[in-house]
Amino acid sequence: MGTKQKLFVRNATGLVRELTPFDAFNLVFAAILIPVGISQALQFGAASFPGANIALAFVLGSILLLGFGFVYIYYTLIMPRSGGDYVWVSRTLSPLIGFVVNVTLTFVFVNWVAFNFTTMMTFFMPAFGYVANLPQPFIDWFAKPGNQFLVATLLTIFFTLIMLKGTKFAAKFMRILFLIVWVGVGLWYLGLLITSKEAFQSSFATITGTQPQQIIDIAKNVGYVPPQGINWGMTILAMLWAFQNLTGFEWTGYFAGEIKNVRRTVIVSVLGALLIGGALYALGSLFVYKAMGFDFFSSLSYVGMNASDKLPQNIVFILPALTKFLSLPQFIKVYIALAFLLSIVWWTPAGFLLGTRNLFAWAFDRLAPDWVADVDPNLHTPVKATIIMGLYIELLNWLNIYGGLGGYLINIIAVMALAFVVVGIAAIIFPYKKKDLFENAPDLAKRKLGGIPYMTIAGIVTVLTWGTVFVAAFLVPQFGLKIEPIAMIEAFSVPVIAVIWYAIAVAVRKSQGIDITQVFTEIPPE
Numbered sequence: 001m002g003t004k005q006k007l008f009v010r011n012a013t014g015l016v017r018e019l020t021p022f023d024a025f026n027l028v029f030a031a032i033l034i035p036v037g038i039s040q041a042l043q044f045g046a047a048s049f050p051g052a053n054i055a056l057a058f059v060l061g062s063i064l065l066l067g068f069g070f071v072y073i074y075y076t077l078i079m080p081r082s083g084g085d086y087v088w089v090s091r092t093l094s095p096l097i098g099f100v101v102n103v104t105l106t107f108v109f110v111n112w113v114a115f116n117f118t119t120m121m122t123f124f125m126p127a128f129g130y131v132a133n134l135p136q137p138f139i140d141w142f143a144k145p146g147n148q149f150l151v152a153t154l155l156t157i158f159f160t161l162i163m164l165k166g167t168k169f170a171a172k173f174m175r176i177l178f179l180i181v182w183v184g185v186g187l188w189y190l191g192l193l194i195t196s197k198e199a200f201q202s203s204f205a206t207i208t209g210t211q212p213q214q215i216i217d218i219a220k221n222v223g224y225v226p227p228q229g230i231n232w233g234m235t236i237l238a239m240l241w242a243f244q245n246l247t248g249f250e251w252t253g254y255f256a257g258e259i260k261n262v263r264r265t266v267i268v269s270v271l272g273a274l275l276i277g278g279a280l281y282a283l284g285s286l287f288v289y290k291a292m293g294f295d296f297f298s299s300l301s302y303v304g305m306n307a308s309d310k311l312p313q314n315i316v317f318i319l320p321a322l323t324k325f326l327s328l329p330q331f332i333k334v335y336i337a338l339a340f341l342l343s344i345v346w347w348t349p350a351g352f353l354l355g356t357r358n359l360f361a362w363a364f365d366r367l368a369p370d371w372v373a374d375v376d377p378n379l380h381t382p383v384k385a386t387i388i389m390g391l392y393i394e395l396l397n398w399l400n401i402y403g404g405l406g407g408y409l410i411n412i413i414a415v416m417a418l419a420f421v422v423v424g425i426a427a428i429i430f431p432y433k434k435k436d437l438f439e440n441a442p443d444l445a446k447r448k449l450g451g452i453p454y455m456t457i458a459g460i461v462t463v464l465t466w467g468t469v470f471v472a473a474f475l476v477p478q479f480g481l482k483i484e485p486i487a488m489i490e491a492f493s494v495p496v497i498a499v500i501w502y503a504i505a506v507a508v509r510k511s512q513g514i515d516i517t518q519v520f521t522e523i524p525p526e
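Spelled out as structure tokens, the structure:
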């Protein structure tokens, strides 16, 4: 009995189940970040996948991701602990594999915090300024690297303080931002719905002094070939790319140790975020094409992404900037553009929480110093892990703004896809390798079809889905993957670092008389 008590840092995590079902949904719904994602999907889509039906791509992508979603649902039902796939894979395949997979995914997801700060300043601030008619010098201030780093640093400090106030406080903050953002985004959907193509293009011509046909002609001159109907090949490729935009709907498992009624909530939050998110992505795409015109919008996006110097100086091609031409009152258009900007503020606590809880889980299993797992008894939050994450994000800010981290992120989709393949493999074999846990799981998690566990089937679908994305990332030039040796070494350096980290942790714990492999024979306590 004494040995078991020494396996983990302590006999209870110290975390409290404070997140309501809506909080859990809000976290994962924020994680798919529709205002940013739909801007990227539609505008990168026009440039990279000409002829693709983006709306259909998101519908098909959402359906295929159901298997992936159920892997995270089943595992959360069986092992509802903070750390998510780290806990699951380390107990199913091996501690090393589980750690490497989770470190890799944590790196990817926390990178998005810094990357989104830059996106806010380089894309959404110009869009807001364009709609609100702000002075150009004010907008240009955010384009300077030194100013970007200052703003990113202030945002990092702000969110570190938010997270130090505790999970409950952060959840309340996100509820307020959910309301602010989705009132604005809802008005955007409404504006697209009530604005006719003729009215939009007439407004565009009047305000900019440029006829839509001129934009279409510029696009043709710089290489854009207008599609003749739906290009199904490009639609399939866009569907694979849409997986990245929808990723995050499964994050409930990472903070499962702090969710009330977790076994019921995980189903609603994960499936709700995926299905609602997929529907909103699809509807948003259809509404944009309906209001702006497919040819005009695709041409504008193509020129903006590939030859922005060819656009007249008074035209900003970024999606929320085009709110300027909707048939809405000016104050509503300004509010919509602000909502797109603030969506990143709404999203950030989710990325922060994921990073701190995964770091906490590693420390609780003794793969990081014990003090990293300390939890404040009043705030019920791992204060030291939160501070570490804030410092790490500040490093990412510097690398992103001054070190070209954004270019590195091109290859992240391959790394992320490979990690998810491993999670799928773990789900396939779990019912057979961990029979006791599986047989004692909630009824939903141990259901079978023709004698085969649904969990295994979901794992197979996950492997096929993300395996296809992994292969496509190397074979399809539209994904922008850099296959040069240096780029690939950079992309896969994090898993290598994780292996080294694990080896050092095992050696250190062995010198302390702790066999770290024994930790992974048990599920962490609540």
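Per full-length UniProt numbering, the very first residue in the sequence shown carries number 1; after that it's consecutive.
Cβ coordinates follow ideal geometry from the N, Cα and C atoms, glycine included.
Note that this is a predicted model, so its numbers are computed, not measured.
Worksheet item: When the Cα atoms are used, what is the spatial distance from Ile318 to Val375?
Response: 43 angstroms
Discussion item. Tell me the rounded alpha-carbon separation between Arg447 and Phe430.
Written reply: Separation of Arg447 and Phe430 (C-alpha to C-alpha, rounded to the nearest whole angstrom) is 13 angstroms.
Worksheet item: Beta carbon of Leu341, beta carbon of Met174: below 8 angstroms?
Response: Not in contact: Leu341 and Met174 (Cβ atoms no closer than 8 angstroms).
Worksheet item: What do you reckon, are the CB atoms on Leu274 and Gly69 nearer than 8 angstroms?
Response: yes
Discussion item. Suppose you measure from the CA of Gly129 to the CA of Trp141; what does that come to, to the nearest Å?
Written reply: 12 angstroms
Worksheet item: Since Ile259 sits in a beta bridge, which residues does DSSP pair it with?
Response: Leu19
Worksheet entry | Neighbourhood of Leu105 by C-beta, 6 angstroms cutoff - its chain only, sequence neighbours within 5 removed | For Leu105, where only same-chain residues beyond five positions count, the Cβ hits under 6 angstroms are Ala419.
Worksheet item: Which word fits Asp443, buried or exposed, when buried means at least 16 other C-beta atoms lie within 10 angstroms of its C-beta?
Response: Around the beta-carbon of Asp443, fewer than 16 other beta-carbon atoms lie within 10 Å, marking it exposed.
Worksheet item: By DSSP, does Ile315 sit in helix, in strand, or in coil?
Response: coil
Fill in: CB contact flag (Met292, Lys172, <8 angstroms)
no
Worksheet entry | Local Cβ density within 10 Å of Ala30, reported as buried at 16 or more and exposed below that | buried
Worksheet item: So does the segment 190–205 actually touch the segment 369–387, counting three or more Cβ pairs closer than 8 angstroms?
Response: At 8 angstroms Cβ cutoff, the stretches do not touch.
Worksheet item: Is the segment 454–467 in contact with the segment 64–79, if contact means three or more CB pairs nearer than 8 angstroms?
Response: yes
Fill in: Inter-residue spacing [alpha-carbon to alpha-carbon] between Lys144 and Tyr86
39 angstroms
Worksheet entry | Close beta carbons around Val16, own chain, < 6 angstroms, minus the five adjacent residues each side | His380
Discussion item. Cutting at 6 angstroms between CB atoms, please list the residues of its own chain near Ala361, excluding the five before and the five after it.
Written reply: Ser82, Gly83 and Tyr86
Worksheet item: Taking just the CA atoms, how far does Asn400 sit from Phe364?
Response: 30 angstroms
Practice prompt. Indicate whether Val108 and Gly98 have their beta-carbon atoms separated by less than 8 angstroms.
Written response: The answer is no: Cβ separation not under 8 angstroms.
Worksheet entry | Three-state secondary structure (DSSP) of Ile230 | coil
Worksheet item: How many Å lie between Pro525 and Gly351 at the Cα?
Response: 24 angstroms
Practice prompt. Kindly indicate the opening and closing residues of the alpha helix (DSSP H) around Asp436.
Written response: Lys435 to Glu439
Worksheet item: Is there contact between the segment 44–56 and the segment 235–244, where contact requires at least three CB pairs shorter than 8 angstroms?
Response: yes
Worksheet item: Would the segment 32–40 and the segment 212–228 be scored as touching if the rule is three or more Cβ pairs under 8 angstroms?
Response: Of all C-beta pairs linking the segment 32–40 to the segment 212–228, fewer than three are shorter than 8 angstroms, placing the two stretches out of contact.
Worksheet item: Is the CB-CB distance between Ala339 and Val185 below 8 angstroms?
Response: yes
Discussion item. Going by C-alpha to C-alpha distance, which of Ala445, Lys434, Ala458 and Asn440 sits closest to Val423?
Written reply: Out of Ala445, Lys434, Ala458 and Asn440, Ala458 has the C-alpha closest to the C-alpha of Val423.
Fill in: Gln213, enclosing alpha helix (DSSP H) - first and last residue
Pro212 to Asn221
Worksheet entry | Paired residues, beta bridge with Leu449 - DSSP | According to DSSP, residue pairing for Leu449 in a beta bridge involves Ile452.
Item to complete: Would you mind working out which of Gln40, Ser94, Gln201 and Thr210 sits nearest Phe520, comparing C-alpha positions?
Response: Ser94
Worksheet item: Is DSSP giving Ser94 helix, strand or coil here?
Response: Here Ser94 sits in coil by DSSP.
Item to complete: Could you check if Ser298 is buried or exposed, using at least 16 other CB atoms within 10 Å of its CB as the buried criterion?
Response: buried
Practice prompt. Under 8 angstroms by Cβ, that's how I've got Tyr502 and Arg357 pegged, so tell me the actual separation to the nearest angstrom.
Written response: Not confirmed; about 19 angstroms, so no contact.
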